[in-house]
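Chain order of the listed sequences is A and F. So in our numbering, the last spot in the first sequence is 405, and the numbers never skip. So in our numbering, the last spot in the second sequence is 185, and the numbers never skip. Read through the structure below, which is laid out as structure tokens, and then see the notes.
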Amino acid sequence: ETGVTQTPRHLVMGMTNKKSLKCEQHLGHNAMYWYKQSAKKPLELMFVYSLEERVENNSVPSRFSPECPNSSHLFLHLHTLQPEDSALYLCASSQDEFRGEQFFGPGTRLTVL
Amino acid sequence: GEDVEQSLFLSVREGDSSVINCTYTDSSSTYLYWYKQEPGAGLQLLTYIFSNMDMKQDQRLTVLLNKKDKHLSLRIADTQTGDSAIYFCAESKGNAGNMLTFGGGTRLMVKP
Numbered sequence: 293e294t295g296v297t298q299t300p301r302h303l304v305m306g307m308t309n310k311k312s313l314k315c316e317q318h319l320g321h322n323a324m325y326w327y328k329q330s331a332k333k334p335l336e337l338m339f340v341y342s343l344e345e346r347v348e349n350n351s352v353p354s355r356f357s358p359e360c361p362n363s364s365h366l367f368l369h370l371h372t373l374q375p376e377d378s379a380l381y382l383c384a385s386s387q388d389e390f391r392g393e394q395f396f397g398p399g400t401r402l403t404v405l
Numbered sequence: 074g075e076d077v078e079q080s081l082f083l084s085v086r087e088g089d090s091s092v093i094n095c096t097y098t099d100s101s102s103t104y105l106y107w108y109k110q111e112p113g114a115g116l117q118l119l120t121y122i123f124s125n126m127d128m129k130q131d132q133r134l135t136v137l138l139n140k141k142d143k144h145l146s147l148r149i150a151d152t153q154t155g156d157s158a159i160y161f162c163a164e165s166k167g168n169a170g171n172m173l174t175f176g177g178g179t180r181l182m183v184k185p
């Protein structure tokens, strides 16, 4: 257990659905991250939040919408996804955006039909 | 080309040493990391090295850094079947704080 939990662990959705991924960290960290891990590409950083403010948006399509209501919770809202968006979505947290090792959750395996 | 590169696959026998290699391109990297990912799990930080160090040892793990060649390696002594996993090298860029760039991962298979 790394102190970072993600739900759901598996999600299957159609292209017209709207769903949300949830991440929660119990480490008292101030920075949280969303990564995408697909079969054919290295791990890609999507978003970074520090103290609930977005500090990085790595050219991610608008069909992915992050939300950070407080420093312990991070959401990724999904709508009108494409089959190529199928991947493992990993959440991580660190002490802050400038330092500290990143602790990863177990990921949500997303399949878009 | 990729910022961080790793070979895709490594197979060793139980009890042997494993050496996983990584090359990176950004000379301003401040920290370099090794993460381990077991099936169905997220990434677990194994160890890291600051860019002004040449070597770091932590129990069975030895990290070697050749900054001139931008080459990083992870040596696992007395490799066990439980070490079978994907190992990711990552760098944090000097001017971007804690933003990590990951390699594609090396799948280590340990045979009994």
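Ideal placement from N, C-alpha and C gives every residue a C-beta, glycine not left out.
Taking a beta-carbon distance threshold of 9 Å, Phe-175/F counts as an interface residue toward chain A. The way I'd put it, the segment 365 to 378 of chain A does touch the segment 302 to 318 of chain A; three or more beta-carbon pairs between them come closer than 8 Å.
Not a single CB atom of chain F sits nearer than 9 Å to the CB of Val-304/A. For Asp-377/A, the three-state secondary structure derived from DSSP is helix. Not a single C-beta of chain F is nearer than 9 Å to the C-beta of Ser-351/A. For Arg-346/A, no CB of chain F lies under 9 Å from its own CB, so it is not counted at the interface with that chain. Nearest to Asn-362/A by alpha-carbon distance, out of Met-305/A, Lys-314/A and Asp-377/A, is Lys-314/A.
Just so you know, the alpha carbons of Lys-333/A and Asn-349/A end up roughly 18 Å apart. Under DSSP, Ala-384/A takes part in a beta bridge, and its partners are Tyr-325/A and Phe-396/A. Ranked by Cα distance from Glu-78/F, the options Ser-330/A, Leu-335/A and Thr-297/A are led by Leu-335/A.
Of all C-beta pairs linking the segment 176 to 184 of chain F to the segment 345 to 359 of chain A, fewer than three are shorter than 8 Å, placing the two stretches out of contact. Contact between Tyr-108/F and Phe-161/F holds: their C-beta atoms lie close to 4 Å from each other, under 8 Å.
For Glu-376/A, no chain F residue has a Cβ inside 7 Å of its Cβ, as the nearest lies near 18 Å away.
Chain A has no Cβ within less than 9 Å of the Cβ of Tyr-97/F.
Scanning its chain for C-beta atoms nearer than 8 Å, with the 5 sequence neighbours on each side dropped, one finds around Tyr-104/F the residues Tyr-121, Ile-122, Phe-123, Ser-124, Glu-164 and Ser-165, in chain order. Shown here for Ser-364/A: same chain residues with a beta carbon closer than 8 Å to its own, the five before and five after excluded, namely Glu-316, Gln-317 and His-318 in chain order. For Arg-180/F, the uninterrupted beta strand (DSSP E) run begins and ends at 179 to 184, by DSSP. Among the CB atoms of chain F, none fall inside 9 Å of the CB of Gly-295/A.
For Asp-131/F, the enclosing beta strand (DSSP E) stretches over residues 128 to 131. Pro-358/A places its beta carbon less than 9 Å from that of Leu-366/A. Here Ser-90/F is exposed: its Cβ has fewer than 16 other Cβ atoms, across all protein chains shown, within 10 Å. In the structure shown, Thr-297/A falls within a strand segment according to DSSP collapsed to helix, strand and coil.
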